[in-house]
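Visitor: Quick one: structure below, then a few questions.
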């Protein structure tokens, strides 16, 4: 029972991280209709900026600020330099252009920071574990991750539903011409949303950096999963991204925790291991395929 | 880095010399071309860098074993197809000696073509079981280790440490499965469970929870590269280090990974063939020279490349730099008459190493740095399980 | 003009059709007939639900309730392609053509579509003389003779509207749904198109949605007025012209555009 | 009769490809043959992908799965033929005329399955669901323990064809060239046929086509399967060329590479992607010889192609569509 609760927390934590990445991506896709493969790079840039500043100054807080700023600015730069020319183009060109940017970013980061993965320790106030339930201690940093995910969800909800920017965002998603007619500079709105997506990636990056190796290619490793999340949730919908992130987080975590054991009950160990591991690897893709077959536009699409 | 321009100038010089001297004397001054295909881009690129730098450290003024050599270095981007393409191209242009490859799957792509073209391959890192048994070849040498050796040494280490119940974790691919098989071959206690992680997994919280609930005496985990750093960091953060010690093969935590793992590496046990702390003059000299040349601590990959270079050098010396004398060159390689940084070294019947393995521990040294200290020798003159199946003609 | 007797089966019959999107009722218990050979015009202000009705008739969206009968057969649950194969042709309010194709290729597509689901992967229909001649003759009928080799993207707006009709006709339908064929046309072009439609009248059952009241009065046998998803009146041209409620509801505030 | 630009380009390209073995032999560079052979094989995949992206607007981000599957069928059969234990009581065969159709049938079957499910969606969902299926195939290949798993599978020797000996590099090269020409001619028949007319109509205006009585699904599925078979053929040839297969063949980055090649060459031209392949692979080769940081150049090149090369490098010559 304790183990199950711990695994649920793990799923929640993974979901929180995926949500930070997916919410920005889904806004970018929903509002501007752009498939942005570079999104994972923002996350990597955030982690590298954080590690670099922490190494120089020793302050986690400064590192976090650097991550948000670095990832946000890089996102804005990408939008201004490349993505803004792709808004009305076929998805195919967006995929290709941003694929090229991934190659570029990875190589540029390795030239700037070197190939050696930099170190970032867990800041003192996030170290160790605290008792969550009798008999269950859970690492503080993972709890902080969950808390931060909840804050981001709340913040985005307020932003999208209860602010002027959010109104513009929603209007922009529905009717570009209308927003332009209102005399609002839609170009700046787009850049802003792109930057916001970058900042959220930076946040995920700085939160993940103490737990993960900060290395080239870390972005692509989460990118595809992030896409799975938003496609499951329904492209363009922040609520969908939340549901998708939690679903994928849970399915992945619980799958890893229990699928091999369940198979071992009924199959010989060697077969169970192979099959289990294969099934676990593909679990979220199977989930996505199933969801799309039942609801081709995802669970909570922004517009039907 | 200082050696590079000199090498180049010398190489140019020798080419000019041979051009002037004409083809009749080509054998004399002409450098031996060595096809050096390794992984320089991608996240694993740092390993390729160490391999290249370690190899070049062994070269003196562009010479190995007093014979001028020309390294033809090419990046394979960790793509077997690229590596094969490069190797075939080099072989067609007359390169007879190859080394450098860093990963088993790349090696599997490169070696058959090289051997078919009549060339030599001397591996400075992977030693997959495919080429160690029935498919061994007289022109194929492994100067590093057979892939299973570290895992078998880890099993022996676990026995020494008195563990009765060990839980195993490895990624769900061939090398991961081989690792766990190797461990089980020598470990005498009980296996508390085997967990196969996903290939691209970065977070291990779920697996750590399973370890916690199974309460083994220790875990043995094999995750190379970034995943290894992730695992160690998260293991330390979960507090498991205090109750369940971790045992790994050396390449789950090389010198550069220690830098990225920090304190979390403290207290981890590892099976190893060499560490910077190995107490012999050749090793000390190598570590010092490497640090001086590149201002960083060498990894085991650099050491293996350095030893491989010296092995090749010894054989080149024996044939006076004429690699055309194939039989002599082969025989000289087989003798392995060079001072290995790792200590004792000889070839078994399948031309894979027979050498010693150690139990090591990551711990702080006098100046507070985490280093890989030698605990004890767990295997002496250790060969591999496949040698018996090799029928060399 | 063909004489229509009350006893004949309507070619299209809509029975208490209803479509709601959430709280919004776009089609509210609409019943309507088109007799063979009849030109039935559907008018109403913007947002009255005319296009929603057309898309339900051709099968692109499903009604919430009610039935659609084509030549007496219930087609309410049939998908759009199946209805087209039964003989239901349409044009679109916003031109739907293959813009990378030439004009004649668009017509050719329509001719080829008659042959069902054949996977002929060998023969190039552009080399089939009979098909090409047929396509050319449809272009001639709508006044596009000699424009066949022009890519659609280079045609003028009016020409594209004419091509739409040629494409729909080449499928040889028995019922035509014309969704604002005059939209965006100048008076000259509208008049030409009206003449073209007059020529088609009687050969097909036609349901015409149109804002151009001159055209509607010139062409229609009967007119239905749709307001807020409801048919408020159906009758002959004169009856509509004189009907006070219709004048108030529609003709009063919406100028023909 | 004067040649059109298009005909001239075809003649020149064909002459160049025909001349490569002679050039290589004449001493230009023996590696040239391998490079050109690689181009031929990838070009078959690129032409196939163009069939559905360029003509059918089905942006498959998972086509590498067919490349991988085609290769693996060859690899697995070879494994059982040489040394491995028999499979289902059969010891395998090295006859290309048996193994190759088997591999292509496997690809067709997978395509029916994947296409049947994926074509229920469109747009970004289609891109992602094809990617998801490719990832599944990738993970299956990685977990095929007895076939080398992640390390891949070596082939003892190339498959055997009657009358010609494809173990000779030049012969194999000309076989690939012949297959590329045949496949491209077949595809050009397809796109100009009634089937192709409808496929292209579905791309340009699905509503128009549907309201003419065309059911989109069977046409799209058929095109998807044909394209998968072509890509599978490339996989089969690759397995024979490289004589080893790895799960890499089905990785998502490979799918991306194929897409890049098609766009580079010019969508909806069939011939453009062949030129695209040549440029892409040659560029990759040159840059990686020049510097290990070649991706910092290659990346922006891809981006620029996407931004400005609306018709690809050969779109103007071969009359492709704009995006």
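Protein chains in written order, with my numbering: chain A, 1058 to 1361; chain B, 7 to 399; chain C, 744 to 1000; chain D, 1307 to 1629.
Built from N, CA and C at the ideal position, the CB exists for glycine as well.
Taking CB distances under 7 Å as the criterion, tell me whether residue 211 of chain B reaches chain A.
Guide: Numbered from 1 along the second chain, position 205 holds the residue referred to as residue 211 of chain B. With 7 Å as the cut-off, residue 211 of chain B counts as an interface residue toward chain A.
Visitor: Using three-state DSSP, classify residue 1248 of chain A as helix, strand or coil.
Guide: Against the first chain, residue 1248 of chain A aligns to sequence position 191. Reduced to three states, the DSSP call for residue 1248 of chain A is helix.
Visitor: Determine, using beta carbons only, whether residue 1517 of chain D comes closer than 7 Å to chain C.
Guide: Position 211 of the fourth chain, counting from 1, holds the residue named residue 1517 of chain D. Closer than 7 Å to some Cβ of chain C, the Cβ of residue 1517 of chain D qualifies, so yes.
Visitor: Give me, in chain order, the residues of the same chain whose beta-carbon lies closer than 6 Å to that of residue 159 of chain B; leave out the 5 immediate sequence neighbours on both sides.
Guide: Taking the first residue of the second chain as position 1, residue 159 of chain B is located at position 153. Within the same chain, residue 159 of chain B has close Cβ partners 277, 363, 384, 385.
Visitor: Specify, as a first and last residue, the run of the alpha helix (DSSP H) that residue 1117 of chain A falls within.
Guide: Within the first chain, numbered from 1, the residue matching residue 1117 of chain A stands at position 60. Element bounds for residue 1117 of chain A: 1117-1138.
Visitor: Give the residues of chain B in contact with residue 1540 of chain D, contact being defined as C-beta atoms less than 9 Å apart.
Guide: Position 234 of the fourth chain, counted from the start, is the residue given in the question as residue 1540 of chain D. What residue 1540 of chain D touches in chain B: nothing, since even the nearest Cβ is about 13 Å away.
Visitor: Alpha carbon to alpha carbon, what distance is there between residue 43 of chain B and residue 117 of chain B?
Guide: Within the second chain, residue 117 of chain B is the residue found at index 111, counting from 1. Within the second chain, residue 43 of chain B is the residue found at index 37, counting from 1. In a straight line, the C-alpha of residue 117 of chain B is about 11 Å away from that of residue 43 of chain B.
Visitor: Determine whether the Cβ of residue 404 of chain B lies closer than 7 Å to any Cβ atom of chain D.
Guide: Past the boundaries of the shown model lies residue 404 of chain B; chain B is included only from 7 to 399, so the question cannot be answered.
Visitor: Shortest alpha-carbon distance to residue 1058 of chain A belongs to which of A/1245, A/1330, A/1191?
Guide: Position 1 of the first chain, counted from the start, is the residue given in the question as residue 1058 of chain A. It is A/1191.
Visitor: How long is the line joining the alpha carbons of residue 1288 of chain A and residue 908 of chain C, rounded to whole angstroms?
Guide: Your numbering for residue 1288 of chain A matches position 231 in the first chain. Your numbering for residue 908 of chain C matches position 165 in the third chain. Those two C-alpha atoms are separated by around 39 Å.
Visitor: If we count the other Cβ atoms within 10 Å of its Cβ and call it buried at 16 or more, is residue 1242 of chain A buried or exposed?
Guide: As a position in the first chain, residue 1242 of chain A is number 185, starting the count at 1. Answer is exposed; the Cβ neighbour count stays below 16.
Visitor: Please list, in chain order, all residues of the same chain as residue 1435 of chain D whose beta carbon is under 6 Å from its beta carbon, the five residues on each side excluded.
Guide: In the fourth chain, the residue the question calls residue 1435 of chain D occupies position 129. The answer, listed in chain order, is 1424, 1427.
Visitor: Taking all protein chains shown into account, do 16 or more other C-beta atoms lie within 10 angstroms of the C-beta of residue 1222 of chain A, making it buried, or fewer, making it exposed?
Guide: Position 165 of the first chain, counted from the start, is the residue given in the question as residue 1222 of chain A. With fewer than 16 other Cβ atoms within 10 Å, it is exposed.
Visitor: What do you reckon, are the CB atoms on residue 1461 of chain D and residue 1376 of chain D nearer than 7 Å?
Guide: For this step, residue 1461 of chain D is matched to residue 155 along the fourth chain. For this step, residue 1376 of chain D is matched to residue 70 along the fourth chain. Not in contact: residue 1461 of chain D and residue 1376 of chain D (Cβ atoms no closer than 7 Å).
Visitor: Quick check: the Cα distance between residue 388 of chain B and residue 1338 of chain A, rounded to an integer number of angstroms?
Guide: Here residue 388 of chain B refers to the residue found at position 382 when the second chain is read from its first residue. Here residue 1338 of chain A refers to the residue found at position 281 when the first chain is read from its first residue. Cα to Cα, residue 388 of chain B sits roughly 36 Å from residue 1338 of chain A.
Visitor: CA-CA distance, residue 1307 of chain A and residue 775 of chain C?
Guide: Your numbering for residue 1307 of chain A matches position 250 in the first chain. Your numbering for residue 775 of chain C matches position 32 in the third chain. Between residue 1307 of chain A and residue 775 of chain C, the C-alpha separation is close to 53 Å.
Visitor: Ordered along the chain, which non-local residues of its own chain (more than five positions away) have a Cβ less than 7 Å from that of residue 303 of chain B?
Guide: Here residue 303 of chain B refers to the residue found at position 297 of the second chain. Closer than 7 Å at the Cβ level, and outside the excluded window around residue 303 of chain B, lie 261, 282, 297.
Visitor: Is the distance from the Cβ of residue 1364 of chain A to the Cβ of residue 1099 of chain A below 7 Å?
Guide: There is no way to answer for residue 1364 of chain A, as the model of chain A reaches only from 1058 to 1361.
Visitor: Applying the 10 Å Cβ sphere with the 16-neighbour rule, what's the burial state of residue 243 of chain B?
Guide: Start at 1 with the first residue of the second chain, and residue 243 of chain B comes out as number 237. By the 10 Å Cβ count, residue 243 of chain B comes out buried.
Visitor: Three Cβ pairs or more, each shorter than 8 Å: is that satisfied between the stretch 1243-1250 of chain A and the stretch 1108-1119 of chain A?
Guide: The stretch 1243-1250 of chain A vs the stretch 1108-1119 of chain A: no contact.
Visitor: Cα-Cα, which of B/188, B/110, B/172 is closest to residue 392 of chain B?
Guide: As a working note, residue 392 of chain B is residue 386 in the second chain. Considering only alpha carbons, the answer is B/188.
Visitor: For the beta strand (DSSP E) containing residue 787 of chain C, list its first residue and its last residue.
Guide: Working through the third chain from its first residue, we reach residue 787 of chain C at position 44. Run containing residue 787 of chain C: none; DSSP gives neither H nor E here.
Visitor: Beta-carbon within less than 8 Å of residue 199 of chain B's beta-carbon, same chain only, minus the 5 sequence neighbours each way: which residues are those?
Guide: Mapped onto the second chain, residue 199 of chain B falls at position 193. Here the set comprises 173, 174, 216, 220, 222.
Visitor: Does DSSP put residue 18 of chain B in a helix, a strand or coil?
Guide: Indexing the second chain from 1 puts residue 18 of chain B at position 12. Only weak support is given to the placement of residue 18 of chain B: the predicted model assigns it a pLDDT of 38, under 50, and the value that follows is read from those uncertain coordinates. Looking at residue 18 of chain B - three-state DSSP - the assignment turns out to be helix.
Visitor: Under 7 Å, do residue 845 of chain C and residue 922 of chain C count as touching if we go by C-beta distance?
Guide: For the purposes of this step, residue 845 of chain C is taken as the residue at position 102 of the third chain. For the purposes of this step, residue 922 of chain C is taken as the residue at position 179 of the third chain. Not a contact, by the Cβ cut-off of 7 Å.
Visitor: Name the residues in the stretch 1330-1352 of chain A whose C-beta lies less than 8 Å from a C-beta of chain D; which are they?
Guide: Here the close residues are 1331, 1334, 1335, 1338, 1339, 1342, 1343, 1345, 1346, 1349, 1350.
Visitor: Helix, strand or coil, according to DSSP, for residue 86 of chain B in the structure here?
Guide: Taking the first residue of the second chain as 1, we reach residue 86 of chain B at position 80. Residue 86 of chain B: helix per DSSP, three-state reduction.
Visitor: Residue 1469 of chain D: buried (16+ other C-beta within 10 angstroms of its C-beta) or exposed?
Guide: As a first step, residue 1469 of chain D must be located in the fourth chain, where it is residue number 163. So residue 1469 of chain D counts as exposed.
Visitor: Report the CB separation of residue 1416 of chain D from residue 1534 of chain D in whole angstroms; it is logged as a contact under 8 Å.
Guide: For this step, residue 1416 of chain D is matched to residue 110 along the fourth chain. For this step, residue 1534 of chain D is matched to residue 228 along the fourth chain. Confirmed, about 7 Å.
Visitor: Decide if residue 358 of chain B is buried, meaning its Cβ has at least 16 other Cβ atoms within 10 Å, or exposed.
Guide: Numbered from its first residue, the second chain carries residue 358 of chain B at position 352. It counts as buried.
Visitor: Any chance the CB of residue 69 of chain B is under 6 Å from a heavy atom of the ligand NAP?
Guide: This structure does not include the ligand NAP; it has no bound ligands of any sort.
Visitor: Is residue 309 of chain B buried or exposed, if buried means 16 or more other CB atoms sit within 10 Å of its CB?
Guide: Here residue 309 of chain B is taken as the residue at index 303 of the second chain, counted from 1. So residue 309 of chain B ends up on the buried side.
Visitor: Whose CA, out of B/379, B/313, B/327, B/164, lies closest to the CA of residue 361 of chain B?
Guide: Reading the second chain from its first residue, position 355 is the one you call residue 361 of chain B. When only C-alpha atoms are compared, the closest one is B/313.
Visitor: Would you mind stating whether residue 1498 of chain D and residue 867 of chain C have Cβ atoms separated by less than 7 Å?
Guide: Translated into positions along the fourth chain, residue 1498 of chain D becomes position 192. Translated into positions along the third chain, residue 867 of chain C becomes position 124. Against a cut-off of 7 Å, the Cβ pair of residue 867 of chain C and residue 1498 of chain D comes out as a contact.
Visitor: Residues of chain B with CB under 9 Å from residue 1448 of chain D, in chain order?
Guide: Your numbering for residue 1448 of chain D matches position 142 in the fourth chain. The answer, in chain order, is 178, 179, 180, 205.
Visitor: For a minimum of 4 consecutive residues, which ranges assigned as the alpha helix (DSSP H) are wholly contained in the stretch 222-297 of chain B?
Guide: With a minimum length of 4 residues, the continuous alpha helix (DSSP H) runs that stay inside the stretch 222-297 of chain B are 231-243, 261-267.
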